[in-house]
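So for the sequence shown, our numbering puts the first residue at 109; every next one is plus one.
Contents: one structure, followed by commentary.
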Amino acid sequence: MAGIAGIARHGAAKEVEMMLGEINYRGRSRRHITEKDGITAGIIWNEHEDAFVKRSLENGEIGYNCGPGHYVRETIAGGKIRIYRDELGVAPLYYGKERSGSLCFASEVKSLLKVTNDVNEVPPGHYLDTAGLTSFYKIDTGKYLEKDPVQTATELQEYLRTAVAKCIRSEEAGSWLSGGLDSSSICALAAKQVRKLKTFTAGLKNAPDIKFAREMAQFLRSEHHEIVVSVEDLIRVLPEVIYHLESFDALLVRSSITNYLVAKLSSDHIDEVFSGEGGDELFAGYDYLKSVPLSSLEEELIKITGNLHNTALQRVDRCSAAHGITAHVIFANPDVVRFAFMIPARFKIFENTEKWILRKAMDGLLPEGVLNRPKAKFWEGAGIKDLISDYASEHITDSDFRKERILSDGWILNTKEELFYYRIFRDHFRTADDLRWMGRTKGSPIEVS
């Protein structure tokens, strides 16, 4: 995925060049810096992103997209700058005030830290200008379909198929595949639209994801690639993962390790991949949602969908960008999101079955074992479970945890595992003292020692 950086003042090309240098993996082959109306801005991108970026530049804008409706776009006119972030925040964007007082912005925190310690996140569906933030989008709710579940499932499958089709640029496509319902659904829809589908999986030996992904790949006759890792491999790659992820949130880091490794694997074979992220939030895939009253379920789904930008979608962005590829998040397609929130809650959890309407939509396209597979947390499916938590407990004493768990800005680290990640984070980002831009995953474990 491409990356941008800029400062709202003239003569800042050297600083912008330095900011882009911090995220050069987001665009190793293309770079453009411009000064216009007292504003300096730049973008880096990879060859497979040429069409959109060059079209933006021809229109006098700087921007990129990572799928239909997923974008960052910057316009400059009459000495005024305006930067837009897409509705769900699939594309990242941060901002702050440079030491001179000028507005600055970038795709990643590490880029901003080259010129300021004042780091803030542009919320999804907002644009930023020198006057501040303005919202231009919120999830539309309250318009429910008056259709039976068969019609609804048929339409849902068509929305997903169309969203996949819009991201296909050649006769080959790639997709991350865990063997769960969400990623398998996207793979099944993609396989019908390309000559060759390449699928990619990572996990520990005998992990459920490895088993189910093999089954799904065989069912689809995809060109399947997998990487089987050890605990030692996970520990060894952690500093890289946390550097790119820009977080020490325990559950987010856990789920990012194999995501990072599968992104690296896929980058050896293809430039763009599909991701199944977002299905749990749209269609009620988490087990705790079964205890939420149906009358409150939609409100909870809106909330957790709105929190994706600095948790799961951040993971997808950083893991793919680290290896120079673009990940297409089909469940975050704006048309899919709009349709999903028109589906009554009673079709999402039915007879205690999560994601019931999605399962119905994919009936006949997936093997029974995958279609009816219960939700597995990302790190559990990959076989990680509590392996790193146990490792952290062996290397951090109760005394150290008590002394270090409260951070200077008041944040409280929940577990020794999180402290283990935080120590690595601090090695990378020593000047990141204010963490208001960082997300925390719902349901993180808490440990008191």
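Ideal placement from N, C-alpha and C gives every residue a C-beta, glycine not left out.
Residue i - containing beta strand (DSSP E), residue span
i	result
S507	Note, S507: premise wrong, no beta strand (DSSP E); alpha helix (DSSP H) at 506-512.
W153	147-153
Y235	234-237
G472	Segment: none, G472 is in no beta strand (DSSP E) and carries neither H nor E.
E112	In the sequence under discussion, the amino acid at residue 112 is Ile, which differs from the Glu named in the question. Where I112 is concerned, the enclosing beta strand (DSSP E) stretches over 111-115.
E143	138-144
Y203	202-205
E280	280-284
T242	240-243
Length of the line joining the Cα atoms of residue i and residue j
i	j	result
S215	E459	43 Å
E385	N367	11 Å
T505	R534	19 Å
K251	F449	8 Å
R322	K468	23 Å
F356	S516	15 Å
I191	L241	10 Å
H558	R134	No answer is possible for residue 558: the residues shown for the chain start at 109 and end at 557.
H352	F537	11 Å
V227	T539	11 Å
L369	S338	12 Å
D574	S291	Given that the chain is displayed from residue 109 to residue 557, the structure contains no residue 574 and the question cannot be resolved.
K300	G114	42 Å
G282	E476	23 Å
S399	A392	11 Å
R510	E182	45 Å
G146	D237	14 Å
L373	S330	16 Å
I492	E143	48 Å
K246	H234	9 Å
F320	R531	35 Å
I465	I457	8 Å
F382	L196	17 Å
V223	K274	38 Å
G332	S403	Checking the displayed sequence, the identity of residue 332 turns out to be His instead of Gly. In a straight line, the C-alpha of H332 is about 42 Å away from that of S403.
R446	D248	7 Å
K205	H417	22 Å
E347	E354	Residue identity check: residue 347 is Pro in the sequence provided, not Glu. Between P347 and E354, the C-alpha separation is close to 11 Å.
V180	E340	37 Å
E169	N132	20 Å
Local Cβ density within 10 Å of residue i, reported as buried at 16 or more and exposed below that
i	result
F244	exposed
D471	exposed
Q259	exposed
A239	exposed
E266	exposed
T307	buried
I520	exposed
E130	buried
H503	exposed
S557	Because S557 carries a pLDDT of 48, less than 50, the predicted location of this residue cannot be relied on, and the following value inherits that uncertainty. Classification for S557: exposed.
D388	buried
A185	exposed
G171	buried
P232	buried
E229	buried
T309	buried
Q326	exposed
A420	buried
I294	buried
G423	Gly is not the amino acid found at residue 423; the sequence shown has Arg there. Answer is buried; the Cβ neighbour count reaches 16.
R193	buried
D317	buried
Y529	buried
E155	exposed
S278	exposed
Start-to-end residues for the alpha helix (DSSP H) that takes in residue i
i	result
E123	121-130
R548	No alpha helix (DSSP H) holds R548; DSSP gives it neither H nor E.
E266	257-273
F533	524-536
A296	289-299
K218	217-220
A500	495-503
Cβ of residue i within 7 Å of any chain B Cβ
i	result
T523	No chain B appears in the structure shown, which is made up of a single protein chain.
Quick check on the DSSP output: what are the complete beta strand (DSSP E) runs of length 3 or more inside the stretch 385-449, in order along the chain? 434-437
Quick one: complete alpha helix (DSSP H) runs, 4+ long, within the stretch 147-197? 158-166
Check whether the stretch 412-430 and the stretch 205-212 are in contact - that is, three or more C-beta pairs closer than 8 Å.
no
- Check whether the stretch 431-442 touches the stretch 164-181, taking contact to mean three or more Cβ pairs, one atom from each stretch, closer than 8 Å. yes
### Query
Three or more beta-carbon pairs under 8 Å between the stretch 146-160 and the stretch 407-424, yes or no?
no
Check your understanding: Hey, which unbroken runs of the beta strand (DSSP E) at 3 residues or more fall wholly within the stretch 311-398?
Key -> 331-337, 380-383
Is the stretch 199-206 close to the stretch 158-170, with three or more CB pairs under 8 Å? no
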